[in-house]
Every structure is written in C-alpha cells, then in structure tokens.
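Asks: Before I ask anything, let me first share the structure, which is written out below as structure tokens.
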Amino acid sequence: MTTSPLPALSGPLVARGLTARAGGNLILDGVGLSIHPGELCGLIGPSGAGKSTLIRCLLGLRAPDSGEVSLAGAPPRAEGVGYVPQQDAIHRALTPRQALDFAAQLRRPELDEAARGARVVALAKDVGLEERLDVRIHKLSGGQQKRVSVALELLTEPGLLILDEPTSGLDPGLEARLMELLRRLARQGRAVLVATHATASLPMCDALLVLVAGRVAYFGPPNDALAFFKAESFGQIFSRLPLRTPEAWAKVHLQDPQRAGFLARPVPLVSRPNNEGNAGVVSSPGPAGPRRRQTTNLLTSLWAPPRSSSPRSRPSEKAAPHERGVGLAGAAQHPRRAISRVLGGGLGERPRARRPGAAHRRAVRGRLG
Ligand SMILES: Nc1ncnc2c1ncn2[C@@H]1O[C@H](COP(=O)(O)OP(=O)(O)O)[C@@H](O)[C@H]1O
Ligand SMILES: [Mg+2]
5 MTTSPLPALS GPLVARGLTA RAGGNLILDG VGLSIHPGEL CGLIGPSGAG KSTLIRCLLG
65 LRAPDSGEVS LAGAPPRAEG VGYVPQQDAI HRALTPRQAL DFAAQLRRPE LDEAARGARV
125 VALAKDVGLE ERLDVRIHKL SGGQQKRVSV ALELLTEPGL LILDEPTSGL DPGLEARLME
185 LLRRLARQGR AVLVATHATA SLPMCDALLV LVAGRVAYFG PPNDALAFFK AESFGQIFSR
245 LPLRTPEAWA KVHLQDPQRA GFLARPVPLV SRPNNEGNAG VVSSPGPAGP RRRQTTNLLT
305 SLWAPPRSSS PRSRPSEKAA PHERGVGLAG AAQHPRRAIS RVLGGGLGER PRARRPGAAH
365 RRAVRGRLG
C-alpha cells in the first residue's frame, strides 16, 4: 500500500514584490521567490530579517502591504497549506497516535475509524515515527516532537509545507535527519520552505533564500551562494552580510546574471508512488536529478517597481496575474497528470529597464536545455 496520497499541487508557490510594514517600519521590501512542487527551499537570515513575517504572508495569515502570493496560480487557501510554527502546538501529554487521531477527527471527518487509524500509521511511517507512536510526546526527543508536528500538518495532504525554524534546539544529527525528511516530503510533490538557523544541511535544499532586513540578498542554488557571498561556508554568509547594506546586497543580487537562469529553472519531475508503497518520488529535483525541459515564460512576466523608488507597487504597473505570465499549463486542465507543467514567472523586484532581452532568454534556455 502507499504510505500517503500525494498532494495535488499542480503549480509553484510564487511571491512577487512583497512588502510588509509594522510599527512604521518596512519589514519586507520587494521580496520575490518561487518554489516548485518537488523542491525544498531553505530560508536563512539574521534574527529580525523578516523570515517569520514572510512566512505569514506566504501562508495568507498576513496580508502584505503590496505584492502578491499565488499557489498553483491562485491565492493560497488554508486547506492547501501546512504550517509548522516555531513553537509546537501539540499536547505533550498525548501519544503521537492519540494526537494524530484527534486531529484527524477534526481535519479529516470523512474518514471512518479504521481509515483514520490506517492514515495515522501511514503518516507515522512517512515521518519516521512508527516506532514511537505510543510514547507520550513529552518523552520524545526534540526532533521526534517536531516530526509529530509535521505529521499533523500532513493530515490534510497539503501541497505546500512551511516550517519556521523547526531545527532550533536540535543537535546537528537530528537537524540533518529532519532536513532529510523535509527533502523527502518535497520529493513527493510538495513545495517545502524551511526557515532555519542551521546551515550544515543547506546543500540538501534545491533553493536558498537569504533575507536581510526584509530584502532578498540572494535567491538561487545553495552552492552558488558561497561564491555570491565570497564565503567558504554557509555559516560564513552571516558574517559577510554586514559588509554591504541590505539595499546593496539586493541590488547586486538583482544584477547577478545567474539569477535569471535560476528563475528559469526546469520544473522538477514528480511521479506518483508505485503500488509497493515507494512513496514519492522518483525522478528529479536536486542538482543531480534529471530535469524536464520546461516551457517557461520566465523572464517575460512582471517585475515590480524598483524598491528604491517606491516601497509599494505602483497601481499603474499592477496587472492581472494572467497578464503577467503567472499561471498553469497542462496541470490545470489535467489535474491528475503525474507531471506538472507550469508556467513560471519573474519574481518581481526588478525594474523593467533591466529585463533581459530575447537573446539572453534564448541563452538561458540553451544552458538549461
Ligand atoms: N507586529 C509587529 N509590530 C512591529 N514590529 C514587528 C511586528 N512583527 C514583526 N516585527 C518586526 O519585524 C522584524 C522582522 O520580524 P520577524 O519576521 O519575526 O523576523 P525573523 O523571523 O527573521 O526573526 C523584526 O524587527 C520585528 O521586531
Ligand atoms: Mg522568526
């Protein structure tokens, strides 16, 4: 039997030009990102950089002051997203089986008792808790407790899973295993975003977003970040950040020719599990995995106004998502297709004047092909 049905995420999580203000301060300033189903994205940045605020905007828990978020071409909806906050909201006196069963009664009322029990066991297997199902949660390790929180979120089979610093307080071994779990969950067809202070496992990610004072200092492949920041390790990125202002980092990133190639990256291949229960995945994502040549209109879509000139989107530049090249192809018409075809888009912080020309786009496609 399969351990869990695959989520039906048929397109990427896309954020464009997000700005958010609180207490008179600009907390997010033109943040853009895209995460395809099948990808694990790491989010790092100093404390106060705006990671949690960004996560709340991505989840639809907080409305940005400007900019937009879409999940598979539509605004994120609560039932389609899973969110593991920094502070676990689990009853520690319960066992994982009890906690999952109670939550399933609430969130999956259509399941009868037998189906619920089977679902709980399958989820426990998915997150590596099958041996600990009947141990009280307060007796579990920090990593195992976090796995309970992850399993609770997987009950509704969300296509998007976001975790806010789930590895805080975990030793390096547990941290690496949790990140491995997240990568596996991504490979099953979810888009997964994890904010973290732990840098050792970042190479496991397909994408890395570095946020500093609400600005995107870097969004691209983890390994390329080392060269970008002239750092010898991921930990050293943090000590490189003060060498430039956040505005300067954002500007250098926007001018980095590699950025365009990353935004144009092929969509990972994601397959359904086979009947033997080899859940997930399958071919793709990851730097070494096979990639499908993708029809993308990447760089042809919207760029939000340059941040320096205006922290908010100018109404005159706002266009409907379809006008900006945001949307789905194939999957929307054929939701059961194993392979999602997605039209990606530019992300948004860059002024129109800097849009690469057709020749550059052809070159990017050629490199990726
Ligand atoms: N509701 C709020 N009112 C005022 N300031 C806020 C509010 N929420 C967050 N902030 C401020 O926004 C900044 C970013 O916070 P946060 O998103 O929690 O950062 P991170 O998760 O990266 O540590 C911090 O300086 C924080 O103090
Ligand atoms: Mg935070």
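Be aware that the sequence shown starts at 5, since it is given in the working numbering, and climbs by one per residue.
Where is the CB? At the ideal position from N, CA and C, for every residue including glycine.
Can you give the beta carbon distance from VAL124 to ASP105, rounded, assuming they're within the 8 Å contact cut?
Replies: VAL124 to ASP105, Cβ: 6 Å. Contact.
Asks: Does the stretch 182-197 touch the stretch 34-45, meaning 3 or more C-beta pairs lie closer than 8 Å?
Replies: Yes, since at least three Cβ pairs between the stretch 34-45 and the stretch 182-197 fall closer than 8 Å, the two stretches touch.
Asks: Of all the beta strand (DSSP E) runs that stay within the bounds of the stretch 230-274, which reach a length of 3 or more residues?
Replies: Within the stretch 230-274, no complete beta strand (DSSP E) run reaches 3 residues.
Asks: For the beta strand (DSSP E) containing LEU215, name the first residue and the last one.
Replies: First-last of the beta strand (DSSP E) with LEU215: 211-216.
Asks: Under 5 Å from any heavy atom of ligand 1, by CB: list those residues in chain order, please.
Replies: That gives ALA26, GLY27, ILE31, SER51, GLY52, ALA53, GLY54, LYS55, SER56 and THR57.
Asks: Could you check which residue in TRP253, LEU182, LEU63 and ARG263 has the C-alpha nearest to that of ALA217?
Replies: Selected option, being the one with the closest Cα: TRP253.
Asks: If you run the structure through DSSP and keep just helix, strand and coil, what is ILE94?
Replies: If DSSP states are grouped into helix, strand and coil, ILE94 belongs with coil.
Asks: Which complete alpha helix (DSSP H) runs does the stretch 61-136 hold, if anything under 4 residues is left out?
Replies: The stretch 61-136 contains these whole alpha helix (DSSP H) runs: 100-111 and 117-130.
Asks: Who are the Cβ neighbours of ASN279 in its own chain at under 6 Å, not counting the five residues just before and after it?
Replies: Because the pLDDT at ASN279 is just 35, under 50, the model does not fix this residue reliably, and the point stays unresolved.
Asks: Spatial neighbours of LEU22 within its chain, please: CB distance less than 6 Å, with the 5 preceding and 5 following residues excluded, ordered by chain position.
Replies: Counting only Cβ-Cβ distances below 6 Å, and skipping sequence neighbours, we find LEU32, VAL35, CYS61, PRO68 and GLY71.
Asks: Just checking, does the stretch 147-163 make contact with the stretch 105-117 on the three C-beta pairs under 8 Å criterion?
Replies: Yes, the stretch 147-163 touches the stretch 105-117.
Asks: Among PRO16, GLY121 and VAL214, which one has its Cα closest to the Cα of PRO100?
Replies: If we check each option's Cα against that of PRO100, GLY121 comes out closest.
Asks: Using three-state DSSP, classify ASP228 as helix, strand or coil.
Replies: Of the three classes helix, strand and coil, the one that applies to ASP228 here is helix, per DSSP.
Asks: Would you kindly report the start and end of the unbroken beta strand (DSSP E) that includes ARG25?
Replies: Per DSSP, ARG25 belongs to the beta strand (DSSP E) from 17-26.
Asks: Can we count ASP92 as close to ligand 2, meaning its CB is less than 7 Å from some heavy atom?
Replies: False, no ligand heavy atom lies under 7 Å from that Cβ.
Asks: Quick check on THR203: buried or exposed, where buried means 16 or more other Cβ atoms within 10 Å of its Cβ?
Replies: Buried, because 16 or more other Cβ atoms sit within 10 Å of the Cβ of THR203.
Asks: Return helix, strand or coil for VAL139, following the three-state DSSP convention.
Replies: The answer is coil: DSSP assigns VAL139 none of H, G, I, E or B.
Asks: Taking the straight line between their C-alpha atoms, what separation do you get for ILE343 and ASP210?
Replies: Any reading at ILE343 needs caution, since the residue's pLDDT is 26, under 50, leaving its predicted position unreliable; the model's value is listed next. Using only the alpha carbons, I get a separation of about 18 Å.
Asks: If you draw a straight line from the C-alpha of GLY52 to the C-alpha of VAL198, how long is it?
Replies: If you take the alpha carbons of GLY52 and VAL198, they lie about 16 Å apart.
Asks: CB-CB under 6 Å to GLU134, same chain, minus the five flanking residues each way: which ones, in chain order?
Replies: Excluding sequence neighbours, GLU134 sits near ALA128.
Asks: With GLY177 as the anchor, note down where its alpha helix (DSSP H) starts and where it stops.
Replies: Segment 176-191, the alpha helix (DSSP H) holding GLY177.
Asks: Do ARG181 and GLY224 have their beta-carbon atoms positioned less than 8 Å apart in this structure?
Replies: Against a cut-off of 8 Å, the Cβ pair of ARG181 and GLY224 comes out as no contact.
Asks: Going by the CB atoms, is the gap between GLY77 and GLY226 shorter than 8 Å?
Replies: As written in the sequence, residue 226 is Pro, which differs from the Gly given in the question. No, they are not a contact pair.
Asks: Answer yes or no: the CB of ASP116 versus the heavy atoms of ligand 2, is any distance below 7 Å?
Replies: Outside the cutoff, so no.
Asks: Find out if the Cβ-Cβ distance for the pair ILE385, TYR222 is shorter than 8 Å.
Replies: Residue numbering for the chain in the displayed model covers 5 to 373; residue 385 lies beyond these limits and cannot be assessed.
Asks: Name the one or two DSSP bridge partners that SER38 has.
Replies: SER38 pairs with VAL18.
Asks: Starting from ALA155, follow the alpha helix (DSSP H) in both directions and report where the run begins and ends.
Replies: ALA155 -> alpha helix (DSSP H) spans 146-158.
Asks: Near HIS257, which residues of its chain fall below 8 Å by C-beta distance, leaving aside the five closest residues on each side in sequence?
Replies: Result list for HIS257: VAL220, ALA221, TYR222, PHE223, PHE232 and ARG263, in chain order.
Asks: With distances taken between CB atoms, is the gap from LEU63 to PRO50 smaller than 8 Å?
Replies: Cβ distance not < 8 Å, so LEU63 and PRO50 don't count as in contact.
Asks: Run the proximity test for ASP228: is its beta-carbon closer than 7 Å to any non-hydrogen atom belonging to ligand 2?
Replies: Answer for ASP228: no, Cβ out of range of ligand 2.
Asks: Buried or exposed, going by whether 16 or more other CB atoms sit within 10 Å of the CB of PRO246?
Replies: PRO246 comes out exposed.
Asks: Which term fits LYS234, buried or exposed, when burial requires 16 or more other beta carbons within 10 angstroms of its beta carbon?
Replies: Exposed, by the Cβ-count rule.
Asks: Pick helix, strand or coil for LEU3, following the three-state DSSP scheme.
Replies: It is not possible to answer for residue 3, since the shown part of the chain is limited to 5 through 373.
Asks: Just to confirm my understanding: we take ILE59, look at its own chain, exclude 5 residues before and 5 after, and list those with CB closer than 6 Å. What are they?
Replies: So the list reads ILE166 and ASP168, once near-sequence residues are dropped.
Asks: What's the call for SER145, buried or exposed, on a 16-neighbour Cβ count within 10 Å?
Replies: By the neighbour-count rule (16 or more Cβ atoms within 10 Å), SER145 is not buried but exposed.
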